[in-house]
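Residue numbers (our numbering): 17 to 230.
Report on the following structure.
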């Protein structure tokens, strides 16, 4: 179960609780230990579930290379955009609205803040996530990005403002706190939801990916 954020350990525990009898391990693609390749070592025909929201370079290049280096293994799809994760984004935004004593009906629009990429795949997926969020909350949603091409989150908020919006929320389509989520604090939105974080939806999707591949 490789990823790039320090959520992997609690997610691995949640997944193990849902899959009794299955050995669940985790590893990181970069910067942290254990590495995903080390986690693969010793495994016999493992199923590898990429804990990433988008199909960026790690998913498309790094992980397939690690699997090839290891030998027999099954690499599943990454996690997003899955309906359960859209539900998690809604949960985080709903919690922030309660904290600020704000209601859904007070909002004029929502910006879905995604990591972004210069690759087309992750951008398309963020657009799909924005449309899914829009259909579920009944409010207009626009995707914006923290890297790669635009629009940036600040630009998306400013565009809403130029159209007369008074109350704008940022729904954070990121797995964990970090430099990307910190950058959102200057977006200019009235409401800023936290990243998905440790949420049951993550284990739910990992288990679904595993069972489909096993």
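Note that CB positions come from ideal geometry on N, CA and C, so glycine has one too.
Can you tell me which of the three DSSP states residue i falls into?
i           : result
residue 106 : helix
residue 197 : helix
residue 134 : coil
residue 212 : coil
residue 121 : helix
residue 45  : coil
residue 51  : strand
residue 40  : coil
residue 65  : coil
residue 113 : helix
residue 155 : coil
residue 172 : helix
residue 33  : helix
residue 190 : coil
residue 128 : strand
residue 205 : coil
residue 28  : helix
residue 149 : helix
residue 23  : coil
residue 95  : coil
residue 160 : strand
Within a Cβ cutoff of 6 Å, which residues of the same chain sit near residue i, ignoring the five residues on either side of it in sequence?
i           : result
residue 167 : 160
residue 183 : 122, 123, 124, 206
residue 98  : 221
residue 305 : Past the boundaries of the shown model lies residue 305; the chain is included only from 17 to 230, so the question cannot be answered.
Contact defined as beta carbons within less than 8 Å: I believe residue i pairs with residue j. What is the distance between those atoms, to the nearest angstrom?
i           : j           : result
residue 43  : residue 55  : 3 Å
residue 102 : residue 148 : 5 Å
residue 185 : residue 213 : No, residue 185 and residue 213 are not in contact; Cβ-Cβ is about 17 Å, not under 8 Å.
Excluding sequence positions up to five away, which residues of its chain have a Cβ less than 8 Å from the Cβ of residue i?
i           : result
residue 53  : 43, 82, 85, 86
residue 228 : 92
residue 25  : 42
residue 175 : 158, 167
residue 76  : 135, 137
Assuming contact is defined by CB atoms lying nearer than 8 Å, are residue i and residue j in contact in what I supplied?
i           : j           : result
residue 164 : residue 134 : yes
residue 222 : residue 67  : yes
residue 108 : residue 188 : yes
residue 30  : residue 230 : no
residue 13  : residue 70  : Since the first residue of the chain shown is 17 and the last is 230, residue 13 is not available in this structure.
residue 34  : residue 219 : yes
Apart from the five residues just before and just after residue i, which ones in its own chain have a Cβ nearer than 7 Å to its Cβ?
i          : result
residue 80 : 91
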